[in-house]
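With this note's numbering applied, the sequence shown covers 110 to 265. Heads up, the beta-carbon is just placed ideally off N, CA and C, and yes, glycines get one too. Quick notes on the structure that follows.
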Amino acid sequence: MNEMEDAKAEAKELLERYDEDRRYFRKAADEAAQKFDKVMVSLSAGAFVLSVTFLGQASPAPIAKALLVLAWIFFGMAIVAISLAFLFSQYACMKEQSNWGQFVRDMVTPGNEAEAVRPGRAGNPYWKGTEILNWLSMASFLLGLVFLVVFAATNL
C-alpha cells in the first residue's frame, strides 16, 4: 500500500510540474501570438494608408489602378484573416480549458483514470484554424505588398 501511495504522490508532483511548465510556455506563446497579430494589423493598415496617399500623388495608368485595387484587396484580406484568427484563438483557449478540466476530473475520479485522455492541440480544431488564418494573413499581406510595389514601380 505504501508503494501505491508513493507512486500517486510522485504522479501528482509530476503533473503539477508539467502543468506549471505548460502554463509558462502557453503564456509565452500567447504573448508572441498577440504581438504577431498586432504587427499584421498595423502593417496591413499602414500599407493601405500609404497606398491611398501614393494614389493622390500619382496619375496611374489603367493597368496600374488594377494593381492598386489588388493590393487593397489583399491588405483587406490580411486584416480580415487576422481578425478571424483572434476569434479562433479565443475559442481555442476556451476549448483547451474545457478539455483540461475534463482530463483532471477523469484523473481524480476513481475508476476513470484509464479513460482519461490528455488534451492536446491535435484534438482542438480551433488551434488549426488559428494557424491557417495566421498564415493566410501573412500571405495576403505579402501579396498586397507585391502588388503595391509593382504599382509604385509602374508609376515612377
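Looking only at its own chain, which residues have a Cβ that is under 7 Å from the Cβ of residue i, when we skip the five neighbours before and after it?
i	result
residue 115	none
residue 152	250
Just the C-alpha distance for residue i and residue j, rounded to the nearest angstrom, thanks.
i	j	result
residue 147	residue 122	38 Å
residue 245	residue 257	18 Å
residue 140	residue 202	13 Å
residue 255	residue 180	8 Å
residue 261	residue 185	19 Å
residue 182	residue 136	33 Å
residue 159	residue 143	24 Å
Ends of the alpha helix (DSSP H) at residue i?
i	result
residue 243	234 to 263
For residue i, which residues of its own chain have a beta-carbon under 6 Å away from its beta-carbon, when the five flanking residues on both sides are left out?
i	result
residue 194	239, 242, 243
Apart from the five residues just before and just after residue i, which ones in its own chain have a Cβ nearer than 8 Å to its Cβ?
i	result
residue 233	201, 204, 205, 208
Subject >> Touch test, the stretch 248 to 265 against the stretch 183 to 195, Cβ-Cβ under 8 Å, three pairs minimum >> reply: At 8 Å Cβ cutoff, the stretches touch.
Subject >> At least 3 beta-carbon pairs within less than 8 Å: the stretch 195 to 202 vs the stretch 233 to 241 >> reply: The stretch 233 to 241 and the stretch 195 to 202 touch, with three or more beta-carbon pairs separated by less than 8 Å.
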